[in-house]
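*Asks:*
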Amino acid sequence: MSERVRVAVLAPASAIRAGLRTLLQIDPTIEIVAESGDLSEAGWTGIDYDLLLVTAEVIIADALSRMPGFFEGRAGLLIMADATDRLPGLDGLWGRPFGLISYDASGEELVAAVRAVALGLVVG
Numbered sequence: 002m003s004e005r006v007r008v009a010v011l012a013p014a015s016a017i018r019a020g021l022r023t024l025l026q027i028d029p030t031i032e033i034v035a036e037s038g039d040l041s042e043a044g045w046t047g048i049d050y051d052l053l054l055v056t057a058e059v060i061i062a063d064a065l066s067r068m069p070g071f072f073e074g075r076a077g078l079l080i081m082a083d084a085t086d087r088l089p090g091l092d093g094l095w096g097r098p099f100g101l102i103s104y105d106a107s108g109e110e111l112v113a114a115v116r117a118v119a120l121g122l123v124v125g
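And the structure:
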């Protein structure tokens, strides 16, 4: 598959963002168009993305409500979480490409999940 996937990364820890960037670089068609520790750090308005990749530490309901254009668009959402993480605030995501992936996922698994959600699938 050669279609470019534009990914916005929202993760509080800079080390996690760096790791995600490194893992996603194994697929040259995945482009990180924005990354931040929280929504106040970056100019998210006007960012065109296909998928929002967040970690479970992000307060998802708050982040999504403040993400410009998220509910108006069709961008997918991929959440990195452990089995013990509680994920409140996911109401309103039905009918949207969505996925959950473990922090233990390999680079290949992460790329596959990004690609699947970007294609409109539900991954979990």
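Under this note's numbering, think of the first position of the sequence shown as 2, with each following residue one higher. The C-beta atom is built at its ideal place from N, Cα and C for all residues, glycine as well.
For LEU53 versus LEU11, is the C-beta spacing smaller than 8 Å?
*Replies:* What you label residue 53 is simply residue 52 of the sequence shown in a count that begins at 1. What you label residue 11 is simply residue 10 of the sequence shown in a count that begins at 1. Cβ atoms of LEU53 and LEU11: closer than 8 Å.
*Asks:* By Cβ distance below 6 Å, which residues in the same chain neighbour GLU110 in space, the five residues on each side in sequence not counted?
*Replies:* On the sequence shown, position 109 is the one that residue 110 refers to. Excluding positions up to five away in sequence, the list is empty.
*Asks:* Which stretch, first to last residue, makes up the beta strand (DSSP E) that contains ARG7?
*Replies:* Within the sequence shown, numbered from 1, the residue matching residue 7 stands at position 6. Counting along the chain, the beta strand (DSSP E) containing ARG7 begins and ends at 6-11.
*Asks:* If we ignore side chains and look at the alpha-carbon of each, how far apart do SER107 and GLY47 end up?
*Replies:* Translated into the one-based positions of the sequence shown, residue 107 becomes position 106. Translated into the one-based positions of the sequence shown, residue 47 becomes position 46. Cα to Cα, the separation comes out at about 31 Å.
*Asks:* To the nearest angstrom, report how far apart THR56 and ALA82 are at their CA atoms.
*Replies:* Counted from its first residue, the sequence shown places residue 56 at position 55. Counted from its first residue, the sequence shown places residue 82 at position 81. Between THR56 and ALA82, the C-alpha separation is close to 6 Å.
*Asks:* Quick one: grab the DSSP three-state call for GLY108.
*Replies:* The sequence position of residue 108 within the sequence shown is 107, counting from 1. Three-state DSSP puts GLY108 in a helix.
*Asks:* Whose CA, out of GLU58, LEU24, PRO13, ALA114, lies closest to the CA of ASP39?
*Replies:* Numbered from 1 along the sequence shown, position 38 holds the residue referred to as residue 39. Considering only alpha carbons, the answer is PRO13.
*Asks:* With 16 as the cutoff for other CB atoms within 10 Å, does TYR50 come out buried or exposed?
*Replies:* Against the sequence shown, residue 50 aligns to sequence position 49. It counts as buried.
*Asks:* If we ignore side chains and look at the alpha-carbon of each, how far apart do LEU25 and SER103 end up?
*Replies:* Here residue 25 is taken as the residue at index 24 of the sequence shown, counted from 1. Here residue 103 is taken as the residue at index 102 of the sequence shown, counted from 1. Their backbone Cα atoms lie some 15 Å apart in a straight line.
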